[in-house]
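Undergrad: Protein chains in written order, with this note's numbering: chain A, 1 to 248; chain B, 249 to 582.
Ideal Cβ placement from N, Cα and C applies to all residues, glycine included.
I'd like to ask some things about the structure below.
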Amino acid sequence: MLDVKNLIVFFENAIALNDFSFQVNDGEFVGVVGPNSAGKTTLMNTLSGLIIDMQIKEKRKGGERITVYGSIVYRGRDITQTKPSERVRRGIVLSRERHPIFPESSVLENLKIAGFLRRKQEIREGIDFAFQLFPALVALKKKKAGFLSGGEQQMLAIGMALIVKPELLLLDEPLLGLSPMMQNTLMDAIVSLNKQRGITVVLCEQFARPVFPVIDRGYILENGMLTLMGTGKELMQNPEIKAAYFGI
Amino acid sequence: MKKRKERIDRGIKARSGDIFALSSWREMLYVAGPRLLPVILFLLLPLFLSPYWQRVMISLAVFALLAISWDMLAQSGMISLGQALFFGMGAYLSGIINHAWGIHPFITIPLATVFGGLICTLILLPVLRLRGIYFSMFTLILPLMLVRTIEATKVFGGTEGLSGMSPLPSGWLELYLIIIATLSVLFGFRRLMASDYGLVLKGIRDNDRSVTNAGINIYWFKAQALFLSSAVGAFAGAYMTHVYMFVGMPVFALDYSIMPIASAVVGGVGSFAGAILGASILVPLSELLRGIGGLRIVLYGLCLVIFIVAIPEGIFHYLQRKYQQVERWVDVDR
């Protein structure tokens, strides 16, 4: 489905992604795990195309020069230079890190804005589905999104990504700032999305504990380089991973 | 082979506290050159100019001062759309003092500077708590309000204004005083914003809540920044009163609000040098286009658009980057 080859991203002179290659098959749940500044967010931005926007903006401002090399092939078509809005139309949807919601709008409005591309009927179904997936949001329908708690905001953000009916859902640090309880609830919801709806999910995360048991395949990213890959179970058994991520 | 452009800073300036460690003439020239260039230009250029262009130079310096004062406010998080308030306040104050008691300009100008700054600060004190667009709207309305007040109540000469102010002693003094004032404000404010005090102001712009969390009263600091900025504006106004020997309603005109903003944006916001550079481009440009006639404003607007679209960061920041950085192609190493 998605085939990424030799991705190199420079922010000015600093290298953020160094020769990163990976594949995602249809219906898979792929996790990319790495510490801070490993290049996870850069990877997500590159896959969703946001980096093209950043490139243009920085260039006009005279800020950091962003250099991208490599190829991203999605369903047999090269999308390396495709605009982010066009990628969303083709089914690649990113939920950015740090709860990207519209704080001044209500929960319902947020979901409606997110579904801009879809028809009314589809939006209604999508909203129903989001509420079914996250029952906690139903009571908060009319509340301003900026006043929700972190976990509720993250649920809303994922709900917003789902309204667009993605084929490939990119999640950037969905567990950021959530309690272990909340993390488990959220991971359960994501797993059910993947298994029941058949949405392919690529998830970036620092926390290995809730992620490894549920993923089909995992990649360990360090300093922009792919250091280890395998199934979730294999990674859990790896002694180095155990030491680095589980402290055993 | 894949290549990318690499950027390297020409880092030769070692700074510890306020001590610069420089080892050769070339390095000294590299550091001092850009700072000396405007000083030399501003001081020597008037000697070669015709009397008409010397007058343009005075108005250039005035707009540069207003642009610097706008930049100062912008850097402390207050976007003002009413520099004309500061300008007009200074102009009227010195005009009234001079008209009523016939006091020498050398006394009225400093008086108008200080009290103009104080009055403007007091007027704007209630809106310091407003952020962003609300503050801007208030500053935009104030000068318009004052104009109508003067027109309706006929105070201070009403629509005719006050004329017959005492001129400054000599033409050369008139010219060089404002140039020296502009240069000292430029370097003084640059120094101020680089100090810890300036850091607080910049912090207020970036995130005022965090600054409050550091135990700093942001409203007190904002008021101080407002005083500094409006005092500079009032000085420019007071000066112009004695140059034109007249003060009237036009001092609250929109020109004095828009032009400084245009100068600062074209030159680059955030470094007072950009404001001066912008004024040095826009003011002579508007004079040059005077010969064209009807389409003058259109051409002028076109120039502005081109500057802003082509170099959105501002001319000064662009030049600064080119001066301080070297670029070269390197291989993308695997």
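For Y69 of chain A, return the contacting residues in chain B, with the cut-off set at a CB-CB distance below 7 Å.
TA: Under the 7 Å cutoff, chain B gives K250, V580.
Undergrad: Taking DSSP as the reference, what is the three-state secondary structure of N223 of chain A?
TA: Coil at N223 of chain A, not helix or strand.
Undergrad: Return the chain-ordered list of same chain residues with a C-beta closer than 8 Å to the C-beta of Y219 of chain A, the five sequence neighbours on each side being excluded.
TA: So the list reads F22, V30, G31, V32, V33, L226, L228, M229, once near-sequence residues are dropped.
Undergrad: How many angstroms separate the CA atom of Q472 of chain B from the CA atom of A482 of chain B?
TA: Taking the straight line from one Cα to the other gives about 15 Å.
Undergrad: Can you find a C-beta in chain B that's less than 8 Å from the C-beta of R65 of chain A?
TA: It does: the Cβ of R65 of chain A has a partner Cβ on chain B nearer than 8 Å.
Undergrad: Along chain A, which residues have their Cβ under 7 Å away from the Cβ of Y382 of chain B?
TA: Those do not exist, as Y382 of chain B stays about 16 Å from chain A at its closest Cβ, beyond 7 Å.
Undergrad: Flag this pair as yes or no: are the beta carbons of L170 of chain A and I92 of chain A separated by less than 8 Å?
TA: Taking 8 Å as the Cβ cut-off, L170 of chain A and I92 of chain A qualify as a contacting pair.
Undergrad: Answer yes or no: does any C-beta atom of chain A fall closer than 8 Å to that of Y566 of chain B?
TA: Yes, contact with chain A.
Undergrad: Would the C-beta of V513 of chain B count as close to the ligand GTP, meaning under 7 Å from any of its heavy atoms?
TA: Because no ligand of any kind appears in the structure shown, any question about the ligand GTP cannot be addressed here.
Undergrad: Whose C-alpha, out of A:G247, A:A243, A:P166, is nearest the C-alpha of N194 of chain A?
TA: Cα-wise, what sits closest to N194 of chain A is A:P166.
Undergrad: With burial defined as no fewer than 16 other Cβ atoms inside 10 Å of the residue's Cβ, what is the status of F334 of chain B: buried or exposed?
TA: Looking at its Cβ environment, which holds 16 or more other Cβ atoms inside 10 Å, F334 of chain B is buried.
Undergrad: DSSP state of N13 of chain A, grouped into three classes?
TA: Correct three-state label for N13 of chain A: coil.
Undergrad: Does R124 of chain A come out as helix, strand or coil in the three-state DSSP assignment?
TA: Three-state result, R124 of chain A: helix.
Undergrad: Can you name the residues of chain B whose CB is closer than 7 Å to the CB of N249 of chain A?
TA: Given that chain A is displayed from residue 1 to residue 248, the structure contains no residue 249 of chain A and the question cannot be resolved.
Undergrad: Examine chain B for any beta-carbon lying closer than 8 Å to the beta-carbon of R60 of chain A, and answer yes or no.
TA: Yes, R60 of chain A counts as interfacial toward chain B.
Undergrad: Apart from the five residues just before and just after S307 of chain B, which ones in its own chain have a Cβ nearer than 7 Å to its Cβ?
TA: Cβ neighbours of S307 of chain B beyond the five flanking positions: V531.
Undergrad: Output needed for F520 of chain B: all residues of its chain with C-beta closer than 6 Å, excluding positions within five of it in sequence on either side, in chain order.
TA: So the qualifying residues of the chain are I316, D319, L434, F437, R438.
Undergrad: What is the DSSP secondary structure of L333 of chain B, counted as helix, strand or coil?
TA: It is helical.
Undergrad: Need the endpoints of the alpha helix (DSSP H) that R283 of chain B sits in, please.
TA: Where R283 of chain B is concerned, the enclosing alpha helix (DSSP H) stretches over 273-292.
Undergrad: Could you tell me whether the Cβ atoms of T361 of chain B and G343 of chain B are closer together than 8 Å?
TA: It is not a contact, given that the beta carbons lie outside the stated cut-off.
Undergrad: For L257 of chain A, collect the residues of the same chain with a Cβ closer than 8 Å to its Cβ; drop the 5 residues on either side in sequence, then sort them by chain order.
TA: Not covered by the structure: residue 257 of chain A. The range shown for chain A is 1 to 248.
Undergrad: Judging by CA-CA distance, which residue of A:I66, A:F246, A:L162, A:K142 is the nearest neighbour of L7 of chain A?
TA: Comparing Cα positions, the closest option is A:I66.
Undergrad: How is the beta strand (DSSP E) around L94 of chain A delimited, first residue to last?
TA: Here the beta strand (DSSP E) through L94 of chain A covers 92-95.
Undergrad: Report yes or no: is there a C-beta of chain A within less than 8 Å of the C-beta of P560 of chain B?
TA: With 8 Å as the cut-off, P560 of chain B counts as an interface residue toward chain A.
Undergrad: Less than 8 Å between the CB atoms is what I'm expecting for I223 of chain B and M493 of chain B, so what's the real figure, rounded?
TA: Within the shown structure, residues of chain B are numbered from 249 to 582, placing residue 223 of chain B beyond reach of any answer.
Undergrad: Between S264 of chain B and chain A, is the shortest Cβ-Cβ distance under 8 Å, so that the two count as touching?
TA: Here the model assigns S264 of chain B a pLDDT of 49, short of 50, so the residue's position is not dependable and the matter cannot be decided.
Undergrad: Between N184 of chain A and P210 of chain A, is the Cβ-Cβ spacing less than 8 Å?
TA: Closer than 8 Å, so yes.
Undergrad: For N346 of chain B, does the three-state DSSP call read helix, strand or coil?
TA: Helix, per DSSP.
Undergrad: In whole angstroms, what separates the C-alpha of V514 of chain B from that of Y566 of chain B?
TA: Rounded to the nearest angstrom, the two C-alpha atoms are 11 Å apart.
Undergrad: Distance check for F500 of chain B and Y340 of chain B, CA to CA, integer angstroms please.
TA: Their backbone Cα atoms lie some 10 Å apart in a straight line.
Undergrad: Tell me whether I241 of chain A is buried or exposed, calling it buried when 16 or more other Cβ atoms sit within 10 Å of its Cβ.
TA: When all chains shown are included, I241 of chain A counts as buried.
Undergrad: Distance cutoff 8 Å, beta carbons only. Does I8 of chain A sit that close to anything in chain B?
TA: Closer than 8 Å: yes.
Undergrad: Kindly list, in the order they appear in chain A, the residues whose Cβ is closer than 9 Å to that of R569 of chain B.
TA: Residues of chain A passing the Cβ test: G62.
Undergrad: State the Cα-Cα distance for the pair R217 of chain A and E122 of chain A, rounded to the nearest angstrom.
TA: Cα-Cα distance, rounded: 31 Å.
Undergrad: Start and end of the beta strand (DSSP E) containing L416 of chain B?
TA: That residue, L416 of chain B, is in no beta strand (DSSP E); it is neither H nor E in DSSP.
Undergrad: Contact defined as beta carbons within less than 8 Å: I believe A38 of chain A pairs with N223 of chain A. What is the distance between those atoms, to the nearest angstrom?
TA: With 8 Å as the limit, A38 of chain A and N223 of chain A qualify as a contact, their Cβ atoms being about 6 Å apart.
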